[in-house]
Amino acid sequence: MGDVVIIGGGVTGIQAALDLAGHGIMVHLIEREPSIGGHMAQLDKTFPTNDCSMCILSPKMLDVSRNPNIRIHTCSEVIGIEGEKGHFRVTIRKNPRYIDEELCNGCGDCIRICPVEVYNRFDAGIGIRKAIYKPHPQVVPDIVIKDPEHCIECGLCYDICGREAVQKEDRASESVIEAASIIIASGYEVFEAAKKDQFGYLRYPDVITSLEFERMMNASGPTSGSVRRLSDGKIPRHVVFIQCVGSRDVPLGRPYCSGVCCMYAIKNAMLIREKYPDTEVTILYMDIRAYGKGYEEYFERAKSLGVRFLRGMPAEIIEGGGEMILRIENTETGKMEEIRPELVVLSVGIGPARDSAEVAARCGIPVETTGFFTSLDDKINCVATIRPGIYIAGTSVSPKDIPDCVAQGQAAAMRAFLDAVKDC
Ligand SMILES: Cc1cc2nc3c(=O)[nH]c(=O)nc-3n(C[C@H](O)[C@H](O)[C@H](O)COP(=O)(O)OP(=O)(O)OC[C@H]3O[C@@H](n4cnc5c(N)ncnc54)[C@H](O)[C@@H]3O)c2cc1C
Ligand code: SF4
Ligand code: SF4
27 MGDVVIIGGG VTGIQAALDL AGHGIMVHLI EREPSIGGHM AQLDKTFPTN
77 DCSMCILSPK MLDVSRNPNI RIHTCSEVIG IEGEKGHFRV TIRKNPRYID
127 EELCNGCGDC IRICPVEVYN RFDAGIGIRK AIYKPHPQVV PDIVIKDPEH
177 CIECGLCYDI CGREAVQKED RASESVIEAA SIIIASGYEV FEAAKKDQFG
227 YLRYPDVITS LEFERMMNAS GPTSGSVRRL SDGKIPRHVV FIQCVGSRDV
277 PLGRPYCSGV CCMYAIKNAM LIREKYPDTE VTILYMDIRA YGKGYEEYFE
327 RAKSLGVRFL RGMPAEIIEG GGEMILRIEN TETGKMEEIR PELVVLSVGI
377 GPARDSAEVA ARCGIPVETT GFFTSLDDKI NCVATIRPGI YIAGTSVSPK
427 DIPDCVAQGQ AAAMRAFLDA VKDC
């Protein structure tokens with residue numbers, strides 16, 4: 027039986043890895059970040075059930091780490107692929123972690139003593155971390171990483187670590203894996219909101235992105251789960267969600283619908299109404315896309331909780347008298363309306379992972395004009411590519427929600443399994 031390489035340890039790659047390992051296939055899960063989990067680990071609750079995201083994902087992450095048929099390669103990337111289906115040679119580069127992965131037990135003494143604080147990318151920029159850190163408390167593998175860019179070499183972490191796990195020097199290393207097939211599950215990146223200058227993201231402190239909002243709502247996030255204005259720390263009395271930021275936008279080169287933003291905005295609007303019944307919530311939208319099982323009912327529930335859906339988009343956010351002002355044409359009534367929200371959440375769209383073009387080139391598969399990987403066809407071969415033995419799944423193919431990612435991860439796993447057992 028051959029091994030399978032999976033590029034990307036988000037929920038799609040995790041599901042594919044568990045399915046393959048459960049059938050006796052050796053899996054190498056390649057993740058460029060220090061932990062597996064991907065975007066799902068950043069979310070608070072998940073539509074349409076409002077289950078806690080990590081309550082679903084964390085047990086799967088632990089299953090991956092305990093499965094003898096799965097080898098996790100974190101801080102790692104695929105830098106070369108040679109060969110063909112059944113006989114690929116995949117070259118992996120492991121980037122420096124400055125930690126001995128065998129010695130570190132994740133106790134966190136080094137984190138507590140480190141004096142350097144920098145912004146935490148995992149918290150989408152609204153939280154802080156140390157120069158030696160875990161991106162979040164439930165990382166897998168449960169070990170730290172040292173960030174050489176911000177470390178001031180004070181030496182405190184070297185002294186406190188009784189296991190001598192912290193390393194002053196570390197270098198990238200390369201290794202080669204023989205694999206029967208490869209699954210690419212490298213996921214997505216959210217739209218850079220500052221590109222829509224008219225909404226004042228990074229200019230107005232109380233204009234945030236939906237991913238930042240997820241971190242804010244999360245009990246283990248930077249505000250311990252409370253929704254606050256970044257300007258004055260107060261609970262906002264009116265929150266406005268602006269939909270389709272970086273989606274369905276032809277001039278931006280992002281003509282497609284991101285699929286999940288209507289649903290996650292509805293989710294977060296409901297969560298605000300439940301947590302802060304005195305806070306007004308308005309969703310500004312073009313169309314509501316609630317296509318999945320139970321999604322229409324979810325939308326109706328939000329309305330019954332008092333969420334206002336206003337069909338119309340503001341041209342810009344302006345400031346007047348210390349307030350944010352949005353002027354909108356309500357396209358249902360034809361009337362102009364003026365809203366003065368205390369917090370604006372931009373529902374940013376989903377685009378391909380930042381290095382997807384390079385990954386595609388290394389794998390010898392094409393990408394679409396949008397940057398997502400191209401399937402062999404979009405109907406009966408949606409996880410296959412033009413290169414036999416290389417499969418694609420999840421949001422690296424197109425925007426999709428978690429249930430669809432899991433289903434596609436499973437489909438890709440089955441195709442990869444057939445390759446892996448072909449010569450048995
Ligand atoms: C604000 C927001 C809220 C959402 N809420 C919900 C919700 O409530 N319910 C729901 O169903 N969906 C929701 N979604 C969508 C959900 O996040 C995705 O469906 C899902 O997380 C995608 O999983 P994935 O594994 O395909 O991609 P990702 O989670 O992006 O995982 C991809 C992984 O691959 C890694 N990677 C990327 N490139 C490489 C490379 N070259 N080499 C190695 N590793 C690489 C990444 O670091 C990452 O860990 C939401 C999305 C957003 C933006
Ligand atoms: S490096 Fe040492 S001190 Fe830091 S978490 Fe690992 S074992 Fe603990
Ligand atoms: S040596 Fe660097 S990482 Fe370690 S405690 Fe000092 S600043 Fe933090």
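For what it's worth, the numbering used here labels the leading residue of the sequence shown as 27, then goes sequentially.
Virtual Cβ for every residue (Gly too), placed ideally from N, Cα, C.
Exposure label - residue i; buried when at least 16 CB within 10 Å
{"i": "I178", "result": "exposed"}
{"i": "V144", "result": "exposed"}
{"i": "G181", "result": "exposed"}
{"i": "D2", "result": "With the chain running from 27 to 450 in the structure shown, residue 2 is simply not present."}
{"i": "A198", "result": "exposed"}
{"i": "N146", "result": "buried"}
{"i": "E110", "result": "exposed"}
{"i": "K329", "result": "exposed"}
{"i": "R10", "result": "The chain is shown only over 27 to 450; residue 10 falls outside these bounds and no answer can be derived."}
{"i": "C81", "result": "exposed"}
{"i": "K194", "result": "exposed"}
{"i": "D149", "result": "buried"}
{"i": "S257", "result": "exposed"}
{"i": "A439", "result": "buried"}
{"i": "S252", "result": "exposed"}
{"i": "K301", "result": "exposed"}
Cβ shell of residue i (< 7 Å), same chain only, five flanking positions each side left out
{"i": "V37", "result": "G64, M66, L83, I428, C431 and V432"}
{"i": "A211", "result": "I32, I33, G34, G36, T38, G39, A42, A419, G420, S422 and G435"}
{"i": "G338", "result": "L310, I354, E355, N356 and T357"}
Contact set for residue i: own chain, Cβ-Cβ below 6 Å, skip 5 residues either direction
{"i": "M362", "result": "E355"}
{"i": "Y184", "result": "V192"}
{"i": "L69", "result": "S79 and E240"}
{"i": "R123", "result": "C101 and I171"}
{"i": "T235", "result": "A219, L372 and V374"}
{"i": "P378", "result": "G397 and F398"}
{"i": "P392", "result": "T400"}
{"i": "G279", "result": "none"}
Alpha-carbon to alpha-carbon, residue j and residue i
{"i": "C288", "j": "E128", "result": "44 Å"}
{"i": "S250", "j": "I261", "result": "13 Å"}
{"i": "R353", "j": "P340", "result": "6 Å"}
{"i": "D381", "j": "A220", "result": "20 Å"}
{"i": "E349", "j": "R189", "result": "53 Å"}
{"i": "E240", "j": "K448", "result": "43 Å"}
{"i": "A245", "j": "I62", "result": "20 Å"}
{"i": "F73", "j": "I186", "result": "43 Å"}
{"i": "E364", "j": "K222", "result": "20 Å"}
{"i": "V286", "j": "P425", "result": "7 Å"}
{"i": "G112", "j": "G28", "result": "7 Å"}
{"i": "I96", "j": "Y214", "result": "23 Å"}
{"i": "V307", "j": "I154", "result": "28 Å"}
{"i": "I412", "j": "H54", "result": "22 Å"}
{"i": "D89", "j": "E59", "result": "19 Å"}
{"i": "T305", "j": "C270", "result": "23 Å"}
{"i": "L402", "j": "Y290", "result": "30 Å"}
{"i": "E342", "j": "Q224", "result": "5 Å"}
{"i": "Y321", "j": "N407", "result": "27 Å"}
{"i": "G332", "j": "P231", "result": "26 Å"}
{"i": "G360", "j": "R315", "result": "22 Å"}
{"i": "R327", "j": "V385", "result": "41 Å"}
8 Å CB neighbourhood of residue i in its chain, flanking five on each side removed
{"i": "G134", "result": "K160 and V170"}
{"i": "H99", "result": "H54, L55, I56, E57, I118 and K120"}
CB-CB length for residue i against residue j, believed under 8 Å
{"i": "Y324", "j": "I298", "result": "Wrong, their Cβ atoms sit about 15 Å apart, outside the cutoff."}
Quiz item: Pick out every residue whose C-beta is nearer than 7 Å to a heavy atom of ligand 3: which are they, in chain order?
Solution: C136, I139, C140, P141, V142, K156, A157, I158, K172, C177, I178, E179, C180, G181, L182, C183, Y184 and V192
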